[in-house]
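What follows is a short report on a single structure.
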Amino acid sequence: MSNKQLPPRWANQLLRWYCASHLLEEVEGDLQEEFDYQLKHSGVFKAKLDYIRSVFGFMKPFAIKRKHYTSTSITTMTKHYLLVAFRNVVRHKTFATLNVFGLALGMTCCLFIYLWIQDERSMDNFHTNGDRLFNVYQTITADGRIEGSYNTPMQFDSLGPKIPIADITQVAPEVKAISFYATGYELPWGHPETLQVGNSIHKWNGARANENFLTMFSYPVIAGDAATALKDIKGMAISRKLADVYFGSPENAVGKSIRYENRIDFVVNAVFENVTSNSTQQFDFLLNWESQMTQLAWASPAPLTSLLLTDASETKSVETKLNRLLQSRMDPNAPYKIELGLQPYRDQYLVAQFVNGKPQGGRFEYIRIFTYVALFILIIACINFMNLATARSIKRAKEVGVRKVVGSTRAGLIGQFFGESVVLALLGLLLSVALVVTLLPAFNLFTGKHVQLEFNLPIVLLLLSLVVFTGLVSGSYPALFLSGLKPAGILKNSLRFSKSSIWFRKGLATFQFVISIALLIATIVMTQQTQFIRNTNIGYDRENMVYISVEGELATPQGYQRFKQQASEVSGVLMVDRASETPHAMTFVVDRAEDGKTETADNSDAINWEGKEKGTPTGFKPMSVGFDFIPTMNLKIADGRGFSRQFATDSADAFMVNEEAVKQMGLKDPIGKWVSAWNKRGHIIGVLKNYNTHSLHEPIKPLIVDVKEYENFGVLLVRIENGKTKETLEGLEHVYKSINPNYAFAYQFLDEEYNKLYHTEHVVAQLSNAFAILAIIISCLGLLGLVMFSAEQRTKEFGIRKVLGASVNNIVSLLSLDFLKLVLLSFCIAAPLAGYVMHQWLQGFAYKIELSWWIFATSGVTAVLIAFLTIAFQALQSATTNPVKSLKTE
Amino acid sequence: MKRVYLGEFEEIVLLLVAALQGEAYGVNITHEIIAQTSREVRINQVHASLQRLEEKGMITSRMSNPVAERGGRRKRLFTVTAYGTQTLHDIKEVRAHLWNLVPASI
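Chains as they are written, first to last, in the working numbering: chain S, 367 to 1256; chain L, -15 to 90.
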């Protein structure tokens, strides 16, 4: 009956919409039957009207309420799903292994990055008053340039140095306390200082701080009184380590006296717990601030001022008051302007770079980068899972069809697939936790940290959310796509992939390789850059060179001469000389007002030269060296001659400058021109080839060098014969002890200290190395899975091809080309992307490698090669299979 | 034992389920009610009643084989449970007892 009357469609749809599924069949059936009955007896109109009335009549709770599965059926189904998941894992061991292993690698990356970030974030984050602690930074505008630093402005008058903002608490009630802190061991002039008790002599890294320091910050005091420890000029506080070494226990130490640098006696008023590695400020002992201002050498390049506010929201008003106080005390005619700002104390580690005079960027950038890297790697691992699941969905589709026919609901199927992927993710997590535990020592060695895996609440939450996230993301395709298939379609003719689903899979694989190749490029660039910095010819020979601080007897002319003489005679010592600063990391700059101080009494420029225009200060790095400095360091001379004892005038009259200085001074023919530094006037005798006097982050600066055979500060440089380091150092120690008995012999290797300047870059390069390798491995696991699947699908095709005469090569290329094209496409996307990002990164270095084509070529070729090897492995296998076997299988 | 309350309409439906002997379902019950009692009832009322009776445990149901006239859908066929039968008998007894109390003149 083609023109059979039907009930109104909309009413029927309404019914289907609201009626509970378990009642729908009988209700719809009854209504249909009734409709046909009415149609026969009362006509179309009555039948339809009746139908509609009944549909509305059924809108009752009993028909709308959904039937709930009882709890027993839930547990039964869960058991069943788990069983099926388990069977799936067992039946497809390779796929399951690839999946779990890929996920585990991704999660391991995430965990390590999380641990690293947590550790970075814990820096300076342990103080009880943390929210209300602020560091004062200064922004100096001079000569059109803006410089920012944590330095504290100083004033010098007849009574000595003074800090103009020391009494801020009196004008700003919001400031509860102010503290000053300066290290005694930092470059350029600082060094580990010698403490003596009886015959026990050791060197320690000391600092100076005012009386508020120990109460404002939470360095736990275990003996003595924190509040008064640093109050008077005799007072000092020491760490537990020192107390144990000198006095046996912290309790014994309080009240005892310690001789400092064989010069001053201090009394131990307090013992604090050893400073943990998550504090930026590191110190073994603290001397009181009054000593720092009156009787100690000014060692730190930048004293740090910190404030404790009554409330964290008061920063703006405190900043205003600080600046008002400072301006009222500074010389209004000074050629520079200083402005002060506040930065939360806990940010000093992560945000320690200054851009335009304000703190911005720093290690924080690396945290951000690595967070992204972690996410990307996790996504790659999830994509693996999705891809493999999608590929296998043909097989699972049949299962879905059968399940649907026997009455599984869509929600049940979605639950099943999500459950399966969450279970696999859980397996992956267990594996990755095991990996993390085993690799943690290596990781700590790598990064120089002391990270531990503790199962506290946040980490457990992280792990759980990791499982849920990866489970849901990676299970989303099978769960949402497969569960929506129509059972009749699946069961009648085997499911074919639609074009779009093939594209989807290829897209995912491409995305994976884009990320992997980009990471690979980034890694190569970072490694190259670090290598470049470490190995670049920085203009001097830093191998086999140690330096020793000038102190104690060495700071006297006789002591210095005796040491230089006796040390030169030690076997293995090639040359001994001195310099006023460590030559690899000169920090002192004159005439740029960078540190807020003018260096001359009459405020004229400290360094002048023939033809200089007045009021155009140039930032010079000044250095005083001995006669043998240039040959000791192996410096090259570009023009003129080096210092020589043969010229009687050299010690009073000779200056050398570097090429950069000649350029900035604007001298055409520098040799013989007069220059003056402070009150010393002389002539340029030679020009040094540019060499790096400080970290390669900054460009080379003008350098001015003069000869002083002796000064009471700086370092002794000793060139040691290659391969004789150990015995030479023993000889040196012997000489040192005999001349300087009250000081401990401490030396630094120039190359090691040099490498320390680039520690962060080194660690980051190493980490990104590891992550790039991991990303490639994970991507290849995914690729392997896809190829294996594709080979399995085409077993018959290959069999027929072989029978018809296809060679192994034909089949391998048939299988590989498809996938290699994807890798090539990924490369085309990744290369410009990575190129742009790395170009930005390199801008942070004054000396940088070129982004040359071979970096991209290498990573492209590597990716293609690795991908090809992965594919070829499987392709060869299917190409060499006996066609009889492959054709027989069904 | 406290007796379960059974409404008048429910009683009719329950009686008809018993009368139809295992072939009772929504449509034929409705038609029977109309035919036997001349009451205007709608199929949804019958369904609601059947639902309540099933909840009270007086009837049980099973699904029939698919029926072509219903577009391949199945019927839900109802049968009276022992408890339902007992209830019907109880009601009948109470009624009979009450009729005995009524004088014959009425």
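Note that the Cβ used here is the ideal one computed from N, Cα and C, for glycine as well.
None of these values were measured; they are calculated from a predicted model.
Exposure label - residue i; buried when at least 16 CB within 10 Å
i: W1220 of chain S; result: exposed
i: P988 of chain S; result: buried
i: Q895 of chain S; result: buried
i: K1168 of chain S; result: buried
i: A309 of chain S; result: With chain S represented from 367 up to 1256, any question about residue 309 of chain S goes unanswered, as that position is not in the structure.
i: V803 of chain S; result: exposed
i: T463 of chain S; result: exposed
i: P1068 of chain S; result: buried
i: T948 of chain S; result: buried
i: Q20 of chain L; result: exposed
i: A1229 of chain S; result: buried
i: F821 of chain S; result: exposed
i: G1258 of chain S; result: Not covered by the structure: residue 1258 of chain S. The range shown for chain S is 367 to 1256.
i: V826 of chain S; result: exposed
i: M1031 of chain S; result: buried
In DSSP terms, what residue i is bridged to
i: S1263 of chain S; result: With chain S covering only 367 through 1256, there is no way to say anything about residue 1263 of chain S.
i: K638 of chain S; result: For the sequence presented, residue 638 of chain S should be read as Phe rather than Lys. Its beta-bridge partners are S:V587 and S:S605.
i: S990 of chain S; result: S:D1072
i: D1005 of chain S; result: S:V1053
i: I630 of chain S; result: S:Y626
i: Q562 of chain S; result: S:I567 and S:R625
i: G572 of chain S; result: S:F651
i: Q521 of chain S; result: S:K528
i: A8 of chain L; result: L:F62
i: P844 of chain S; result: DSSP, once it has assigned bridges, lists no residue as partnering P844 of chain S.
i: Q308 of chain S; result: Not covered by the structure: residue 308 of chain S. The range shown for chain S is 367 to 1256.
Range of the contiguous beta strand (DSSP E) that encloses residue i
i: S623 of chain S; result: S623 to Y626
i: A543 of chain S; result: V541 to T549
i: H39 of chain L; result: Reading the sequence as shown, one finds Glu at residue 39 of chain L and not His. Looking at the DSSP string, E39 of chain L is not in any beta strand (DSSP E); the run it does join, the alpha helix (DSSP H), is I27 to K40.
i: M47 of chain L; result: I43 to M47
i: R1085 of chain S; result: V1081 to I1086
i: Y702 of chain S; result: Y702 to P710
Beta carbon proximity, residue i to chain S, threshold 9 Å
i: Q29 of chain L; result: yes
i: Q35 of chain L; result: yes
i: E53 of chain L; result: yes
i: Y(-11) of chain L; result: no
i: T14 of chain L; result: yes
i: M42 of chain L; result: no
Beta carbon proximity, residue i to chain L, threshold 9 Å
i: Y435 of chain S; result: A caution first: Y435 of chain S carries a pLDDT of 49, below 50, which makes its placement in the model unreliable, though a value can still be read off. So no, Y435 of chain S is outside the interface.
i: A386 of chain S; result: no
i: Q782 of chain S; result: no
i: K412 of chain S; result: no
i: A791 of chain S; result: no
i: A429 of chain S; result: yes
Per-residue contacts from residue i into chain S (C-beta, under 9 Å)
i: R58 of chain L; result: E391, E392 and G395
i: A19 of chain L; result: Within 9 Å Cβ-Cβ: nothing; A19 of chain L doesn't reach chain S, min ~12 Å.
9 Å Cβ cut-off: residues of chain L touching residue i
i: R419 of chain S; result: R26 and N28
Bounding residues of the alpha helix (DSSP H) (the contiguous stretch that carries residue i)
i: D1016 of chain S; result: D1016 to D1019
i: T1059 of chain S; result: Per DSSP, T1059 of chain S belongs to no alpha helix (DSSP H) and is neither H nor E.
i: F1193 of chain S; result: V1174 to L1208
i: R375 of chain S; result: R375 to Y384
i: N753 of chain S; result: R729 to A757
i: V942 of chain S; result: Premise fails: V942 of chain S lies in the beta strand (DSSP E), V939 to A945, not in any alpha helix (DSSP H).
i: I973 of chain S; result: From DSSP, I973 of chain S is part of no alpha helix (DSSP H) but of the beta strand (DSSP E) over I973 to W975.
Near the ligand MN: residue i beta-carbon under 8 Å from a heavy atom
i: E540 of chain S; result: Absence of the ligand MN is noted for the structure shown, with no ligands found whatsoever.
Partner residues on chain S for residue i, Cβ-Cβ distance less than 8 Å
i: V11 of chain L; result: D396, E399, E400 and Y403
Residues that residue i contacts on chain L, provided the C-beta gap is smaller than 8 Å
i: K426 of chain S; result: N28 and A32
i: G423 of chain S; result: R26, I27, N28 and Q29
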